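>
2 protein chains.
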Amino acid sequence: MTPLIVTLDTPGITDVPGFEVAGVPCDIREKQDLKRLDLALLFSLRPCTAAGTFTKNAVKAPPVLLCQKHLAEGGPFHGIIANSGNANACTGAEGLADAQATAQRAAASLNLKPTSFFVCSTGRIGQPMPMPRLLKGLERAVTEKGRTPEHGNKGASAILTSDTRAKTVTVSFTYDGKKHFVAGMAKGAGMIQPNMATMLAFLATDFSVPRSFLQKTLSEAVAGTFNCITVDGDMSTNDTVLILANGHSGVSVGDKSPRELRVLFAEAVWKACEALADKIVSDGEKITKVVEVKVVGAASSEDAEKVARAIGNSLLVKSSWFGEDPNWGRLADAAGYAGAKLIEAKLDISYNDTPAMIAGKPQPELKPQWKEIVRARRFTVTLNLHLGKATFRLLATDLTDGYVNYNKSE
Amino acid sequence: MTPLIVTLDTPGITDVPGFEVAGVPCDIREKQDLKRLDLALLFSLRPCTAAGTFTKNAVKAPPVLLCQKHLAEGGPFHGIIANSGNANACTGAEGLADAQATAQRAAASLNLKPTSFFVCSTGRIGQPMPMPRLLKGLERAVTEKGRTPEHGNKGASAILTSDTRAKTVTVSFTYDGKKHFVAGMAKGAGMIQPNMATMLAFLATDFSVPRSFLQKTLSEAVAGTFNCITVDGDMSTNDTVLILANGHSGVSVGDKSPRELRVLFAEAVWKACEALADKIVSDGEKITKVVEVKVVGAASSEDAEKVARAIGNSLLVKSSWFGEDPNWGRLADAAGYAGAKLIEAKLDISYNDTPAMIAGKPQPELKPQWKEIVRARRFTVTLNLHLGKATFRLLATDLTDGYVNYNKSE
Numbered sequence: 229m230t231p232l233i234v235t236l237d238t239p240g241i242t243d244v245p246g247f248e249v250a251g252v253p254c255d256i257r258e259k260q261d262l263k264r265l266d267l268a269l270l271f272s273l274r275p276c277t278a279a280g281t282f283t284k285n286a287v288k289a290p291p292v293l294l295c296q297k298h299l300a301e302g303g304p305f306h307g308i309i310a311n312s313g314n315a316n317a318c319t320g321a322e323g324l325a326d327a328q329a330t331a332q333r334a335a336a337s338l339n340l341k342p343t344s345f346f347v348c349s350t351g352r353i354g355q356p357m358p359m360p361r362l363l364k365g366l367e368r369a370v371t372e373k374g375r376t377p378e379h380g381n382k383g384a385s386a387i388l389t390s391d392t393r394a395k396t397v398t399v400s401f402t403y404d405g406k407k408h409f410v411a412g413m414a415k416g417a418g419m420i421q422p423n424m425a426t427m428l429a430f431l432a433t434d435f436s437v438p439r440s441f442l443q444k445t446l447s448e449a450v451a452g453t454f455n456c457i458t459v460d461g462d463m464s465t466n467d468t469v470l471i472l473a474n475g476h477s478g479v480s481v482g483d484k485s486p487r488e489l490r491v492l493f494a495e496a497v498w499k500a501c502e503a504l505a506d507k508i509v510s511d512g513e514k515i516t517k518v519v520e521v522k523v524v525g526a527a528s529s530e531d532a533e534k535v536a537r538a539i540g541n542s543l544l545v546k547s548s549w550f551g552e553d554p555n556w557g558r559l560a561d562a563a564g565y566a567g568a569k570l571i572e573a574k575l576d577i578s579y580n581d582t583p584a585m586i587a588g589k590p591q592p593e594l595k596p597q598w599k600e601i602v603r604a605r606r607f608t609v610t611l612n613l614h615l616g617k618a619t620f621r622l623l624a625t626d627l628t629d630g631y632v633n634y635n636k637s638e
Numbered sequence: 229m230t231p232l233i234v235t236l237d238t239p240g241i242t243d244v245p246g247f248e249v250a251g252v253p254c255d256i257r258e259k260q261d262l263k264r265l266d267l268a269l270l271f272s273l274r275p276c277t278a279a280g281t282f283t284k285n286a287v288k289a290p291p292v293l294l295c296q297k298h299l300a301e302g303g304p305f306h307g308i309i310a311n312s313g314n315a316n317a318c319t320g321a322e323g324l325a326d327a328q329a330t331a332q333r334a335a336a337s338l339n340l341k342p343t344s345f346f347v348c349s350t351g352r353i354g355q356p357m358p359m360p361r362l363l364k365g366l367e368r369a370v371t372e373k374g375r376t377p378e379h380g381n382k383g384a385s386a387i388l389t390s391d392t393r394a395k396t397v398t399v400s401f402t403y404d405g406k407k408h409f410v411a412g413m414a415k416g417a418g419m420i421q422p423n424m425a426t427m428l429a430f431l432a433t434d435f436s437v438p439r440s441f442l443q444k445t446l447s448e449a450v451a452g453t454f455n456c457i458t459v460d461g462d463m464s465t466n467d468t469v470l471i472l473a474n475g476h477s478g479v480s481v482g483d484k485s486p487r488e489l490r491v492l493f494a495e496a497v498w499k500a501c502e503a504l505a506d507k508i509v510s511d512g513e514k515i516t517k518v519v520e521v522k523v524v525g526a527a528s529s530e531d532a533e534k535v536a537r538a539i540g541n542s543l544l545v546k547s548s549w550f551g552e553d554p555n556w557g558r559l560a561d562a563a564g565y566a567g568a569k570l571i572e573a574k575l576d577i578s579y580n581d582t583p584a585m586i587a588g589k590p591q592p593e594l595k596p597q598w599k600e601i602v603r604a605r606r607f608t609v610t611l612n613l614h615l616g617k618a619t620f621r622l623l624a625t626d627l628t629d630g631y632v633n634y635n636k637s638e
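Chains as they are written, first to last, in this note's numbering: chain A, 229 to 638; chain B, 229 to 638.
1. For residue 602/B, which residues of its own chain have a beta-carbon under 6 Å away from its beta-carbon, when the five flanking residues on both sides are left out?
2. Check the DSSP bridge columns for residue 480/A and list the partner residues they point to.
3. Does DSSP put residue 451/B in a helix, a strand or coil?
4. Just to confirm the assignment: which complete beta strand (DSSP E) runs, minimum length 3, are found wholly within the stretch 548 to 625 of chain A?
5. Pick out the complete beta strand (DSSP E) segments inside the stretch 325 to 371 of chain B, 3 residues or longer, and give them in chain order.
6. Could you have a look at residue 507/A and say whether DSSP puts it in helix, strand or coil?
7. Using the beta-carbon count (16 or more within 10 Å), is residue 486/A buried or exposed?
8. Within 10 Å of its beta-carbon, does residue 440/B have 16 or more other beta-carbons around it, so buried, or fewer, so exposed?
9. Helix, strand or coil: which one does DSSP assign to residue 235/B?
10. Return the bridge partner residues of residue 270/B from the DSSP annotation.
11. Say whether chain A places a C-beta atom closer than 7 Å to the C-beta of residue 320/B.
12. Do the stretch 489 to 497 of chain A and the stretch 325 to 332 of chain A touch if we need at least three Cβ pairs shorter than 8 Å?
13. Of all the residues that make up the stretch 589 to 600 of chain B, which are near chain A by a beta-carbon distance shorter than 9 Å?
14. Is it right to say residue 321/A is buried, meaning 16 or more other beta carbons lie within 10 angstroms of its own, or is it exposed?
15. In whole angstroms, what is the alpha-carbon distance linking residue 448/A and residue 499/B?
16. I want to see whether chain A comes within less than 7 Å of residue 635/B, judged by CB atoms only; does it?
17. Anyone know if the C-beta pair for residue 316/B and residue 336/B falls short of 7 Å?
18. Can you pull out the residues from the stretch 553 to 566 of chain B whose beta carbon lies closer than 9 Å to at least one beta carbon of chain A?
19. In whole angstroms, what separates the C-alpha of residue 292/A from that of residue 280/A?
20. When burial is assigned at 16 or more other CB atoms within 10 Å of the CB, is residue 488/B buried or exposed?
21. Could you spell out where the alpha helix (DSSP H) holding residue 400/B opens and where it closes?
22. Just to confirm my understanding: we take residue 527/A, look at its own chain, exclude 5 residues before and 5 after, and list those with CB closer than 8 Å. What are they?
23. Taking C-beta to C-beta, are residue 239/B and residue 380/B nearer than 7 Å?
24. Could you have a look at residue 412/A and say whether DSSP puts it in helix, strand or coil?
25. May I ask you to report which of helix, strand or coil DSSP gives residue 486/A?
26. Which of the three DSSP states is assigned to residue 381/B in this structure?
27. Can the beta-carbon of residue 627/A be found closer than 7 Å to that of residue 520/A?
28. Residue 629/A versus chain B: which residues are under 7 Å apart at the beta carbon?
29. When the cut-off is 7 Å and only beta carbons count, does residue 269/A lie next to chain B?
30. Cα separation between residue 422/A and residue 323/B?
31. Check whether chain A comes within 7 Å of residue 460/B, counting only Cβ atoms and requiring the distance to be less than that.
32. Give a yes or no on whether the minimum CB-CB distance between residue 354/B and chain A is below 7 Å.
33. Just the C-alpha distance for residue 370/A and residue 633/B, rounded to the nearest angstrom, thanks.
34. Quick one: does residue 544/A have its CB under 7 Å from some CB of chain B?
35. Does any C-beta atom of chain A lie closer than 7 Å to the C-beta of residue 286/B?
36. Among the residues of its own chain, which have a CB less than 8 Å from the CB of residue 364/A, if the five just before and after it don't count?
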């Protein structure tokens, strides 16, 4: 099979033929700062199909509700407007009207229907959106949008909050003599306005993809990538992943395509999501460690996930990672209270490939090796429950004093 | 009805007629420290009925397994041996043999059956118990035990780990002309050996109480007190609450007792548990705030509990409490992802009695009042879901940089 080429830190969306991007400053934060980019526009003149996944939080921000409504109406779609600095969350009917007005302004400026635009926001909760600033910025974005790498980079920057760097990826592969693209940009779980920890990711492809096939492909990729990361266990009101497929290449991919093409496309979407998810974790709020928590041999996938999440979200476990302390007792403790089937006498725990516990028995003579392993910025802890064949992999971070101090107040 | 008198910071168990206590040093931590008390013996010459509640962690320490076994055998019971400094957890068959040997030694010294003793441990996970030290200390405890306040105080001190103070309570009331007692001692969720966060509590009463009535009374009290607190959301392998009833007063309380007496006794046990649970939270690891999270108007008790726990265990919420930041957006966010039925447009949030959100609408003009409220060491946040009548109350703490640094390594 033709290889996928995954390139990180690209301009992202503008790598996909037919997509234009803008990133402009409009001082959404109302800090008299007209340098910081805070509004992104992603645009395809050619009509797109789209798919999306959204936060499961019962408190959904109005832009999320609007995206879900537009997606349900089925398109065609032409773009995404995304701002940082204000989440437009807990803002009720007024917030929804503001999100709608944003889509309407883009539509009017570009002579398209309002339902062809998605609107996404990230930043502070419970503050009215400064609409005059946003709409002024949107006009500018419509004028300035373009296809150069600089346009792509600016767009990727404009959605950041407390992220320390832009997060982009471009996946390409050749099929039937033609090069195709799936590219994306994301922002991570940080909070320069300490009311939010939102994850936004936008993807684009030049394939023509029927809506249901696109949704299935995206949902599967999101389940295995974005939904398998944790920084602080707090799910935002605004989490959104969207993909637009503009058909620029003239090639379709769907249920009836050759298996090789379907697999390549699904793999490309997966790889793009995986790369962006990894970037989000690696740039988590004041983290110092990225830890892959692998649970294998569980009686069910649900059990494997419960154990991985109990470990990845345990304050004691995360604090010990920060301290570079190979404290396997806390891993066993968290696994034990996860609510999964677990028998201590069968449990194996290891750091990378070095066992800390085998069949419930500690291996204290290997402590020097664990200590060495946990000193790295990135390592793996594996728990084998020996109760079945189900597995789960969670990418987690440590918890630092820096995180607590950063988030303790506005 | 005759009033209950709740007195804090008493000698605890020795306030109950017929109970003897010892607290001795035996250097369980193996630090050449023969000053620190680390072994407690609670003893009643008169045979007792007993009841207990234990950790739901799938990884249970051997002493927990032994307590459960002895409890199932039905008694009669004569006492509790509890050490700090070593949790005897993740120690397998050898750990169980060590716990059994401890009960056997107490039984041999006091000419009683091994099954009449409970054994409890708290401290580091995964280390073999230094049995020669422990047994030597136990001999000394058997010799030194007594009924003075000093004996009670020493016992209460011997079970502490990173607690900054002993935790005791005595509840008394007069019934039918006779004074009765329910008293207790506890240790909190701290970790001077940073592998554990164990909660132990021991209660005693001079009533004669049939086993099943005692268990029912204790289980109800524990569900509403110890099980409604959180410091870091980590459930230990060793959590244990035990109550002994020695019948010293010659008065029985059970299913067939007059209603007044049943209610008084249940209330006394509840008050004793409540006081000890409160002391555990207030002395949580490096905390600066105790926050009562009240959820009312939920569709079900399960929903109320989910919302309260999501809030009380959210890193973002806890960090904001530390920063004295009335960040109600984080409360709404955590409530939203709790997995409970919740409609944003119905949600009220308040700090003490000052609203922050009414029916989904923020009340920003009251911010100066919220700011004042969260400056106190103790305050209440109330969420009214307006979806039913169910309620839940959780006593939670903030999360501090001190906690992270304290627990980051051994």
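Idealized CB from N, CA, C, for every residue including glycine.
This structure is a prediction, so every number in the text was calculated from the model and none was measured.
According to the structure data:
1. Start at 1 with the first residue of the second sequence, and residue 602/B comes out as number 374. Counting only Cβ-Cβ distances below 6 Å, and skipping sequence neighbours, we find 552 and 554.
2. Along the first sequence, one-based indexing puts residue 480/A at 252. Answer is 436/A.
3. Position 223 of the second sequence, counted from the first residue, corresponds to residue 451/B. Here residue 451/B sits in helix by DSSP.
4. If only uninterrupted beta strand (DSSP E) runs of at least 3 residues are considered, those enclosed by the stretch 548 to 625 of chain A are 576 to 579, 582 to 586, 606 to 612 and 618 to 625.
5. You should have 345 to 352.
6. Residue mapping note: residue 507/A aligns to position 279 of the first sequence, counting from 1. It is helical.
7. Walking along the first sequence from the start, residue 486/A turns up at place 258. It counts as exposed.
8. The residue given as residue 440/B occupies position 212 in the second sequence. Around the CB of residue 440/B, fewer than 16 other CB atoms lie within 10 Å, so the residue is classed as exposed.
9. For the purposes of this step, residue 235/B is taken as the residue at position 7 of the second sequence. Residue 235/B carries a strand assignment under DSSP once its states are collapsed to helix, strand and coil.
10. Here residue 270/B is taken as the residue at index 42 of the second sequence, counted from 1. Paired residue(s): 249/B and 308/B.
11. The count along the second sequence starts at 1 and reaches residue 320/B at position 92. Any Cβ of chain A closer than 7 Å to the Cβ of residue 320/B would place that residue at the interface, and such an atom is present.
12. Cβ pair count under 8 Å is below three, so no.
13. If the cut-off is 9 Å between Cβ atoms, the stretch 589 to 600 of chain B has 589, 590 and 592 near chain A.
14. Sequence index remark: in the first sequence, residue 321/A carries index 93 (1-based). Residue 321/A comes out exposed.
15. By 1-based counting over the first sequence, the position of residue 448/A is 220. By 1-based counting over the second sequence, the position of residue 499/B is 271. Taken atom to atom, the span from the alpha-carbon of residue 448/A to that of residue 499/B is near 52 Å.
16. Within the second sequence, the letter at position 407 stands for residue 635/B. At a cut-off of 7 Å between C-beta atoms, residue 635/B counts as an interface residue with respect to chain A.
17. Along the second sequence, read from residue 1 onward, the residue named residue 316/B stands at position 88. Along the second sequence, read from residue 1 onward, the residue named residue 336/B stands at position 108. One thing to note: residue 316/B has its Cβ no nearer than 7 Å to the Cβ of residue 336/B.
18. Listed by position, the residues of the stretch 553 to 566 of chain B near chain A (Cβ gap below 9 Å) are 553, 555, 556, 557, 558, 560, 561, 562, 563, 564, 565 and 566.
19. Here residue 292/A refers to the residue found at position 64 of the first sequence. Here residue 280/A refers to the residue found at position 52 of the first sequence. Rounded to the nearest whole angstrom, the C-alpha separation of residue 292/A and residue 280/A is 10 Å.
20. On the second sequence, position 260 is the one that residue 488/B refers to. It counts as exposed.
21. Residue mapping note: residue 400/B aligns to position 172 of the second sequence, counting from 1. Residue 400/B: not part of any alpha helix (DSSP H); member of the beta strand (DSSP E) spanning 395 to 403, first to last residue.
22. The count along the first sequence starts at 1 and reaches residue 527/A at position 299. Once the five neighbours on either side are set aside, the close Cβ partners of residue 527/A are 568, 569, 613, 615, 616 and 618.
23. Position 11 of the second sequence, counted from the start, is the residue given in the question as residue 239/B. Position 152 of the second sequence, counted from the start, is the residue given in the question as residue 380/B. With respect to residue 380/B, residue 239/B sits close: the two C-beta atoms are nearer than 7 Å.
24. Start at 1 with the first residue of the first sequence, and residue 412/A comes out as number 184. Of the three classes helix, strand and coil, the one that applies to residue 412/A here is strand, per DSSP.
25. Taking the first residue of the first sequence as 1, we reach residue 486/A at position 258. Three-state result, residue 486/A: coil.
26. Working through the second sequence from its first residue, we reach residue 381/B at position 153. Per DSSP, reduced to three states, the secondary structure at residue 381/B is helical.
27. Sequence index remark: in the first sequence, residue 627/A carries index 399 (1-based). Sequence index remark: in the first sequence, residue 520/A carries index 292 (1-based). One thing to note: residue 627/A has its Cβ no nearer than 7 Å to the Cβ of residue 520/A.
28. Within the first sequence, residue 629/A is the residue found at index 401, counting from 1. Against chain B, the beta carbon of residue 629/A has neighbours under 7 Å at 629, 632 and 633, listed in chain order.
29. Locating residue 269/A in the first sequence gives position 41, counting from the first residue. Among the residues facing chain B, residue 269/A is not included, as its CB has no counterpart in that chain under 7 Å away.
30. Translated into the one-based positions of the first sequence, residue 422/A becomes position 194. Translated into the one-based positions of the second sequence, residue 323/B becomes position 95. Reliability fails at residue 422/A, whose pLDDT of 30 lies under 50, so the model's placement of it is uncertain and the value that follows must be treated cautiously. The straight-line gap separating the alpha-carbon atoms of residue 422/A and residue 323/B is approximately 47 Å.
31. Counting from 1 along the second sequence, the entry for residue 460/B is found at position 232. Cβ-Cβ to chain A under 7 Å: yes for residue 460/B.
32. Counting from one through the second sequence, the residue named residue 354/B turns up at place 126. Yes, because at least one Cβ of chain A sits closer than 7 Å to the Cβ of residue 354/B.
33. By one-based count along the first sequence, residue 370/A stands at place 142. By one-based count along the second sequence, residue 633/B stands at place 405. The alpha-carbon atoms of residue 370/A and residue 633/B are separated by roughly 49 Å.
34. On the first sequence, residue 544/A is found 316 positions in, with the first residue counted as 1. So yes, residue 544/A belongs to the interface.
35. Here residue 286/B corresponds to residue number 58 of the second sequence, with the count starting at 1. Chain A contact via Cβ: present.
36. The residue given as residue 364/A occupies position 136 in the first sequence. For residue 364/A, where only same-chain residues beyond five positions count, the Cβ hits under 8 Å are 254.
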